[in-house]
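*Asks:*
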Amino acid sequence: MTDVASRIAANRGAIVRNQAFWGVIAIVLLLAINVIKDPGYLAIGYNDETGHLSGNLIDILRASAPILMIAVGMCLVVATSGIDLSVGSIMVVAGAVSMELLRGMDGTAGNAALTLAIALGIATALGAVNGILVSVVGLQPFISTLVMMLAGRGIAKVITGGQNTTADNDSFAWLANGYVVGIPVVFLLSMAIVALVWVLVRRSALGLMLEAIGMDSRASRLAGVKRRSLQLTVYSASGLLAGVAGVFATASVMTVDVSRTGYQLELDAILAVVIGGTSLAGGKFSIGGAVIGGLLIATLDKTVVFLGVPASATPAFKAIVIVVLCLLQSERVRNLFRNRRALRAQSQKEVVPA
Amino acid sequence: MTGAPPIVEMKDISISFPGVKALDEVDFRLFPGEVHTLMGENGAGKSTLIKALTGVYKIDSGEILVDGEERRFGGTADAQAAGIATVYQEVNLCSNLSIGENVMLGHEVRGPFGINWKATHRAAAEVLSTLGLDHLDLRRPLSTLSLAVQQLVAISRAMITKPKVLILDEPTSSLDANEVANLFTVIRRLRGQGVAILFVTHFLDQVYMISDRITVLRNGAFVGEYPTRELDRTTLISKMIGKDFATLRSLGSERQSHHYEPRGEPLLRAEDLGRKGSTEPTDLELHQGEVLGLAGLLGSGRTELARLLYGADRPDSGTVWLRGKKTDIHNPTSALGHRIAFSSENRRDEGIIRDLTVRENLVLAVQAKRGWFRPLTRKEQDALTRKYLTELNVRPADPERPIKFLSGGNQQKVLLGRWLATEPDLLILDEPTRGIDVGAKAEIQAAVAALAAKGVAVVFISSELEEVVRLSDRIIVMKDHRKLAELENGPHVTAETIVAVIADEGDDEEGDTE
Amino acid sequence: MRSIPRVARAFAVTGALALGLAACGGGDDDTASGDGGGEGGDEIVTVGFVAVGPEGGWRQANEANVQDTFTEEAGFELKYAPATNLDQRSQIDAFTSFVDEGVDVILLSATEGAGWEDSLRRAQEAEIPVILVDRGIEPDDTSLYVTRIAPDNYEVSTSVAEWAVSAFPDGGNYFVLEGPAGVSVVNERNRGWDDTVGAVPNLVKVGAQTANWSTEEAKSVFETVLRANNNDIQIVFAQNDEMGLGAAIAVEEAGLTPGVDVQIATIDGTKPALEALAEGRLSFVAEYNPLFGETLLEVVDKVLNGEEVEPYIVVPSETFDSPEAAAAALPDRKY
């Protein structure tokens, strides 16, 4: 019996790995479709005019940066069996704060740094409010963060007076548009942040604690795990990461669009986390998987444009790709087919007495 | 009984899982109107045999005859449709639904406008009353019931289809004496009606109380089928574990014989410790190196008192002095900081974290105590895990296996390891031996005795009075959420003494089983 | 995925209900004074404005202009109800509550063209005149509303198309950055452009994509479009200023020069767009004049006096085709 157990255990591990694996397959397939349309799709060139590397892959990496940030934050929250619906709204708040501050300042690097600190500080504070509502007040994560999702966009409108605000600051824009030795800064930054989070979570005991809370919060409480402070930490972290995403998104055009910036990106983040093999029920999580999920979504967005899918068909196209992917990932769907066949074979043999 | 043909007959059943033969040519017969007990240590193949019968597992060879016809079921539901109902050890009910809904789930009485709730509840009430549960309010959510009563509700649920065969997989593991007696009354009535009952339990006493026939399995192999009256306990146990009883006996501790005299200042002293609705204000003293038994029926407030000591629930009255200093223990984290550890009676929901590995489960409390920013290195974790897996004889000793794949006894040992790893001065064990096999039980008892010898204070809670008496230096008897008496243990104290204390209270409750 | 916006809608409904309740109290007072009638000639006219809310510079200017026109000094009480995140549901709720409280006239800027029939019919039954501001409805049933006042999208986008034809006599490849699919403005602006450019064979359409009126999305979309076409695009028709500015950034990042390698034409004529035109980053800006509050005021007065008005009143718009023209217009630009 014990060996059955180990076999199941081994299989489960493989499936979890498989989920992210399907994400990779999907990315490869999408890229392949693009290559069929244009054999030079994957080429990365050196742009003489601008002096940095350029190519579709580079574009995907840049476009994925904000999604990666919120997906990683979401991943931590989901691990505790929570959810953060407010990341898109926190993005727009961070963007609104940045643009509003920079608009009234000189375009110096110092001002950019100051603005960055304030914007990220406010984003973290909003995340902490989520954390307090969930851990101390004891509201359901869905409700707490839904409130913040609605309030956040309202706050952004108040900050900018309801307008889309534009500002100029080359240092700030460099965060999203700059290059270091030909590689986009925004990609380097997002990778550095992902790596930092990974080290923080996996090299400390934070990951184990988060999983324990997500799997069984009563048992972990009795084991001395500090649920409240950990929840506060992850929601704050999710807020901070959403703030970074908001800075990336607005800095790339130096404009905050209060009704569009980060709009519904929380759904992309949740999708990325799920594609990466983390269950929304909480527990085992995979930051690497969330990164793959984020990259997949960015690839999908870019593919839609590259293929020239008509604007009205775009949502359907994306939905189909994602539904197929989720079906492939689902253990149950695969089992369903297997069981059907087995049952049919069995019922033919069996004579049921009336 | 002997004249009738068996209603269930399993012949030469074999099931292999990769690398192991889970069942090896096992025979089993079940007659109408008998209670047949399946005995064996955990991992002997009892559950596998039941699952083979109900079709949860597919058999590799052999045949299953029901009413003389060869059958293969597709699962529990399929088997139930054919009159074979199963109640599993772990309660599988929906705790947020009402009692009535749980009993009738999937069997609601339908009328022209969907479910006829009135008729449905009436049907539920009927079934519950045959189990002597008439007093339950059908509309209360299941979650308001104790685990024990939930178990009875689960049995009621199985009875609504009026099965010919009822399989009870460790139904008594969370019941107290009263409830067991209650259940047995029902089982006897069903037996009288000709229902065949397959019963799995770890409690030897109960086997002899209820069972007509015993089938013993060991390591997936068939040992034998015996009429209960022809098999004495010692023989039964040695057939189950495959060695003779003397060896087993030596594993257990005989703490009672060397009574420990507390000296000096108590490790923990509580005055008026209580919480509204769960524990009346209680005084308590605990010394280093002593085992304090908490005895009483289920629901007497043993668990609640233990939870207050650990800060799992917050006391709203009383003062606690720890090592002579007034101390506020308001949550588990602070308790662990004060070197107090607590192992919950609810192993599944409050003990193990199912999806984590043995190692992760074992180091969790130590790690939580250190804080997440001071992680144990992998080397330290491995060393800790290896130490306790060996010390407590956990099988299989594979630290990277998810704990849910271990047997109950081994899960309990890992949990004990988790708390020992925090190096507690006070260890509170709530039902650490419930629902685990004889061998593991003896090992855990031995471990408790060894801890006390090392100077750890232990609070030991168990429904098995024999066990409390054997292990404890002092026994607090509880009833109705308050301390009834405190007994110095000694050769004169037996389980009957405690039963007498509880019964003496003047109430007309039956605290007795045999 | 749809469930979340639905919950958001639930909140919007709750908000609208609260608004309706609050407004009901006011409505009673109005009726009372109306019944009392004839005491004073300076009766206040209640105007319900079902607005779009934050969308971009153009909308901001337009709605501010309406709010500045219908002031208390001018004898109006304007109830401004912007949509929640451009959601039509929240607009319908606001519209319904205006009908229920019995305002004197309703101004409607619909976020989406379709699905207004029932609401408009309710207003008709309550004898409340509805004036469409800027956005039309689909199908365009003129019996359901009094008049529509707007700059003509078709005309404006035709002017952009005509510029493209004259500026590229040798032809070229063009790309269209559209607003959200299905919105009437988008359809009208597409038609105006296609009717003119479609007849010119050497102007070749390489594609069209939505960028949801957003600078950020337009930049991301256009950078990929440039790659997909090896930078071989000469003309961009951006259906609003924001998207045009996003395209300009994408062009610059590709190492090209906007105005030289790629010429970008936009509609709206907001200040940032005219500034960009003055710098040469944009090549053509067609104004879609938002400042028609005065015209609107006149029409409202006429309607309330029972006079006939045209079913469609076109607001005249300008075009700017050179940096100089933009520079000249900038100092007076109000939005």
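Chains as they are written, first to last, in our numbering: chain W, 1 to 354; chain S, 1001 to 1514; chain F, 2001 to 2335.
Virtual Cβ for every residue (Gly too), placed ideally from N, Cα, C.
#1: Could you give the residue range of the beta strand (DSSP E) that holds residue 2265/F?
#2: Thinking residue 1164/S and residue 1196/S are a contact (beta carbons under 8 Å), I'd like their distance in whole angstroms, please.
#3: So, at 7 Å on beta carbons, what are the nonlocal neighbours of residue 2267/F in its own chain, with the 5 sequence-adjacent residues on each side left out?
#4: Would you please verify whether the beta carbon of residue 2079/F is less than 9 Å from any beta carbon of chain W?
#5: Can you find the residues in the same chain that come closer than 6 Å, C-beta to C-beta, to residue 1221/S, ignoring five residues on each side of it along the sequence?
#6: Reducing DSSP to helix, strand and coil, say where residue 248/W ends up.
#7: Are there three or more Cβ pairs, one per stretch, closer than 8 Å when the region 1289-1296 of chain S is compared with the region 1471-1478 of chain S?
#8: Assuming residue 2192/F and residue 2186/F make a contact with CB atoms under 8 Å, what is their CB distance in whole Å?
#9: Please state whether DSSP places residue 2067/F in a helix, a strand or coil.
#10: Looking at residue 2227/F: is its Cβ nearer than 9 Å to the Cβ of residue 285/W?
#11: Put residue 1115/S into one of helix, strand or coil per three-state DSSP.
#12: Anything in chain W within Cβ reach of residue 2272/F, meaning under 7 Å, just list it in chain order.
#13: Are at least three pairs of beta-carbons, each pair with one atom in the region 1450-1470 of chain S and one in the region 1277-1294 of chain S, less than 8 Å apart?
#14: Going straight from the alpha carbon of residue 1500/S to that of residue 1300/S, what length do you get?
#15: What residues of chain W sit near residue 2249/F, judged by a beta carbon separation below 9 Å?
#16: Output needed for residue 63/W: all residues of its chain with C-beta closer than 8 Å, excluding positions within five of it in sequence on either side, in chain order.
#17: Determine, using beta carbons only, whether residue 1375/S comes closer than 9 Å to chain W.
#18: Quick one: which residues of the region 2185-2209 of chain F get their C-beta closer than 7 Å to a C-beta of chain W? List them in chain order.
#19: Please report the Cβ distance between residue 1238/S and residue 1037/S, rounded to the nearest whole angstrom; I am assuming they are in contact, meaning their Cβ atoms lie under 8 Å.
#20: Applying a beta-carbon distance threshold of less than 7 Å, which residues of chain W neighbour residue 1222/S?
#21: Taking only beta-carbon atoms, is residue 2213/F less than 9 Å away from chain W?
#22: Answer with buried or exposed for residue 46/W, where buried requires no fewer than 16 other C-beta atoms within 10 angstroms of its C-beta.
#23: In chain order, what residues of the region 216-229 of chain W put their CB closer than 8 Å to some CB of chain S?
#24: Any C-beta of chain S sitting closer than 9 Å to the C-beta of residue 209/W?
#25: If you follow the beta strand (DSSP E) that residue 2209/F is in, where does it begin and where does it stop?
#26: Is residue 2097/F helix, strand or coil by DSSP?
#27: With a CB to CB cut of under 6 Å and the five nearest residues on each side skipped, what residues in its chain are close to residue 124/W?
#28: When the cut-off is 9 Å and only beta carbons count, does residue 28/W lie next to chain F?
#29: Please check the pair residue 1437/S and residue 1409/S, which I expect to be a contact at CB under 8 Å, by giving their CB distance rounded to whole angstroms.
#30: Of the choices 1005/S, 1034/S, 1041/S, 1048/S, whose alpha-carbon is the least far from that of residue 1014/S?
#31: Determine the closest residue to residue 1171/S out of 1076/S, 1160/S, 1186/S, with distance taken between C-alpha atoms.
#32: Where does residue 327/W land, buried or exposed, given buried means 16+ other C-beta within 10 angstroms?
#33: Evaluate contact between the region 1381-1401 of chain S and the region 1307-1320 of chain S, counting only Cβ atoms and requiring at least three cross-stretch pairs below 8 Å.
#34: Under the rule that 16 or more other beta-carbon atoms within 10 Å means buried, what is residue 269/W, buried or exposed?
#35: Taking only beta-carbon atoms, is residue 2110/F less than 9 Å away from chain W?
#36: If the cut is a Cβ gap below 7 Å, which residues of chain S does residue 284/W touch?
*Replies:* By the coordinates alone:
#1: 2263-2268
#2: 7 Å
#3: 2156, 2157, 2160, 2189, 2239, 2240, 2286, 2288
#4: no
#5: 1024
#6: helix
#7: yes
#8: Actually they are not in contact, since the Cβ atoms of residue 2192/F and residue 2186/F sit about 11 Å apart, beyond 8 Å.
#9: helix
#10: no
#11: strand
#12: 166
#13: yes
#14: 15 Å
#15: 177, 252, 253, 254
#16: 298, 301, 302
#17: yes
#18: 2207, 2208, 2209
#19: 17 Å between Cβ atoms; not a contact.
#20: Here the premise fails: no neighbours, minimum Cβ distance about 16 Å.
#21: yes
#22: exposed
#23: 216, 218, 219, 220, 221, 222, 223, 224, 225, 226
#24: yes
#25: 2203-2210
#26: helix
#27: 236, 239, 240
#28: no
#29: 5 Å
#30: 1048/S
#31: 1186/S
#32: exposed
#33: no
#34: buried
#35: no
#36: 1355
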